[in-house]
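Asks: Got a structure for you, written out below as structure tokens; questions coming shortly.
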Amino acid sequence: MDRLPVFKALGDNSRYAIYLELARSPVPLSTAEIADTLDLHPNTVRPHLERMRDVGLLDVETDNRGAVGRPQHRYSLAADAPSLGLEPSSLRLLARLLAGVAAAAGADAEQAAQLGRPQGKAAALSRAKGRSCVQALTDELADLGFDPAVADDGPTTTIAFTHCPFRELAEAFPDLVFHLHRGIVEGFVEQAGGADVEEFATLADRDPCRVDLVAR
């Protein structure tokens, strides 16, 4: 997904509010439902929905369930739309509980990293074909909601995570979550090839977290 049109689309306050409403909803919503929730007129909401659909943020389905007149359109976030850290609350609760179980069982930082590496490798298998490690990893991190910022300094490339979709969990279980993320990144880089992880800096070291990659 081209990020510039996405950022422009979400730069409007009304569109951003609509996007957040759809991100929080477990089911697709109609124009009227969104308008009612946000106290907007449907004619105001409709062009915003079409703009976000045009840039690939939304999917639309037609509802023909017995209504008189034109079929109703229902909108939901596209599969590759940025989550902005707005996963359903039930998933956040489950993640917190699982992290608590792991911590209670005595899982350490290296065990968390080992758990993350296969996930990173699996992501790289589909993401990194024919692309540089940095490009592929940056796109993967963007889709996960980290809003990565890339800076090159000779052979070293730094990717800073300007947004953390795991922040709530990371503050509660820092060792587990930081190093799980480190493992995901290390697994991705190892599978993609062409670079090595020189340093993975967590919030204990720098804010925002970042990873330094050095070209092979």
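Every number in this note's numbering is 17 more than the matching position in the sequence shown, counting from 1. Glycine included, C-beta positions come from ideal geometry on N, C-alpha and C.
Beta carbon of residue 122, beta carbon of residue 193: below 8 Å?
Replies: No, Cβ-Cβ distance for residue 122 and residue 193 is not below 8 Å.
Asks: Could you tell me if residue 127 is buried or exposed, where buried requires 16 or more neighbouring beta carbons within 10 angstroms of its beta carbon?
Replies: Flag for residue 127 reads exposed.
Asks: Keeping to the same chain, check which residues put their C-beta closer than 7 Å to that of residue 83; ignore five residues upstream and five downstream.
Replies: Residue placement at residue 83 is flagged as unreliable, the pLDDT there being 49, under the threshold of 50; the coordinate-derived value follows with that caveat. There are no such residues.
Asks: Alpha carbon to alpha carbon, how far is residue 169 from residue 213?
Replies: C-alpha separation (whole angstroms): 14 Å.
Asks: Inspect the beta-carbon positions of residue 138 and residue 207 and report whether they are closer than 8 Å.
Replies: Yes; because the gap between Cβ atoms is below 8 Å, this pair is in contact.
Asks: Is residue 204 buried or exposed, if buried means 16 or more other CB atoms sit within 10 Å of its CB?
Replies: Under this definition residue 204 is a buried residue.
Asks: In whole angstroms, give me the CA-to-CA distance for residue 215 and residue 181.
Replies: The alpha-carbon atoms of residue 215 and residue 181 are separated by roughly 21 Å.
Asks: Is it buried or exposed, residue 165, if we count other Cβ atoms within 10 angstroms and call 16 or more buried?
Replies: By the 10 Å Cβ count, residue 165 comes out buried.
Asks: For residue 129, count the other beta carbons within 10 Å of its own beta carbon; 16 or more makes it buried, fewer makes it exposed. Which is it?
Replies: Flag for residue 129 reads buried.
Asks: Leaving out five residues on either side along the sequence, give the residues of the same chain with a beta carbon under 6 Å from the beta carbon of residue 49.
Replies: Cβ neighbours of residue 49 beyond the five flanking positions: 59.
Asks: Go through its chain and collect everything with a Cβ distance to residue 225's Cβ below 6 Å, but skip five positions before and after it.
Replies: If we look at residue 225 and ignore the five residues flanking it on each side, its Cβ neighbours are 177, 178 and 179.
Asks: Quick one: what does DSSP say residue 83 is sitting in, helix, strand or coil?
Replies: A caution first: residue 83 carries a pLDDT of 49, below 50, which makes its placement in the model too unreliable to give a value.
Asks: Comparing the CB of residue 69 with every heavy atom of the ligand ATP, is any distance shorter than 7 Å?
Replies: Among the components modelled here there is no ligand, and therefore nothing to report on the ligand ATP.
Asks: Of the choices 30, 200 and 29, whose alpha-carbon is the least far from that of residue 133?
Replies: The shortest Cα separation from residue 133 among 30, 200 and 29 belongs to 200.
Asks: At the level of alpha carbons, what is the spacing between residue 40 and residue 94?
Replies: Whole-angstrom Cα-Cα distance: 6 Å.
Asks: Roughly how many angstroms separate the alpha carbons of residue 112 and residue 190, rounded to a whole number?
Replies: The straight-line gap from Cα to Cα measures roughly 11 Å.
Asks: Can you list, in chain order, the residues of its chain with a C-beta nearer than 6 Å to that of residue 29? Leave out the 5 residues immediately preceding and following it.
Replies: There are no such residues.
Asks: In whole angstroms, what is the alpha-carbon distance linking residue 67 and residue 202?
Replies: Going by the C-alpha atoms only, they are around 35 Å apart.
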